[in-house]
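Take the sequence shown: its letter number 24 is residue 23 in numbering that gives the first Met the number 0, and every next letter is one higher.
Think of the CB as a built atom: it goes at the ideal place given N, C-alpha and C, for glycine as much as any other residue.
The structure under discussion appears below in the form of structure tokens.
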Amino acid sequence: MQWVGDGLRATMSGESQAPAVGIDLGTTYSCVAVWRHDRVEIIPNDQGNRITPSCVSFKESERLVGDSAMNVAASNPVNTVVGKRSIVPGSTFLLS
0 MQWVGDGLRA TMSGESQAPA VGIDLGTTYS CVAVWRHDRV EIIPNDQGNR
50 ITPSCVSFKE SERLVGDSAM NVAASNPVNT VVGKRSIVPG STFLLS
């Protein structure tokens with residue numbers, strides 16, 4: 000199987016030559032990068048930024064992440080999670 004360009008390439012033995020992807024889930028910011036053309040390329044988010052705030056906010060009918068979530072963090076602090084690197088198993092979060 001082979002795609003043109005930088006897409007997936009696989010040999011008959013099943014060995015993939017697809018680009019390696021790395022995800023950095025940081026306390027403050029997160030980012031995604033891919034190894035392509037013998038170098039690391041950081042993938043921009045939907046707003047064109049190479050890093051995304053590690054933040055999620057829940058509203059009545061939607062879920063916001065990254066910059067959008069940070070923009071409502073002050074007005075919606077109860078339903079916004081910022082900078083949580085890990086969640087303890089068995090934790091309960093109540094969203095109103």
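Less than 8 Å between the CB atoms is what I'm expecting for residue i and residue j, so what's the real figure, rounded?
i	j	result
Ser-56	Asn-75	6 Å
Ser-18	Val-33	Strictly speaking, residue 18 in this sequence is Pro, with Ser absent from that position. Indeed, because the Cβ distance is near 5 Å, the residues count as touching under 8 Å.
Ala-73	Val-81	Not quite, the Cβ-Cβ distance comes to about 11 Å (not below 8 Å), so this is no contact.
Please classify residue i as buried or exposed, where buried requires at least 16 other C-beta atoms within 10 Å of its C-beta.
i	result
Leu-24	exposed
Ala-68	buried
Gly-65	buried
Ser-53	buried
Thr-27	exposed
In the DSSP assignment, what residue or residues form a beta bridge with residue i?
i	result
Thr-27	Bridge partners of Thr-27: none, in fact.
Ser-67	Answer is none; Ser-67 lacks a bridge partner.
Glu-61	DSSP, once it has assigned bridges, lists no residue as partnering Glu-61.
Can you tell me whether residue i is helix, strand or coil according to DSSP?
i	result
Pro-52	strand
For a cutoff of 8 Å on Cβ pairs, would you count residue i as touching chain C?
i	result
Val-31	Protein chain content of the structure displayed is limited to a single chain, and chain C is not contained in it.
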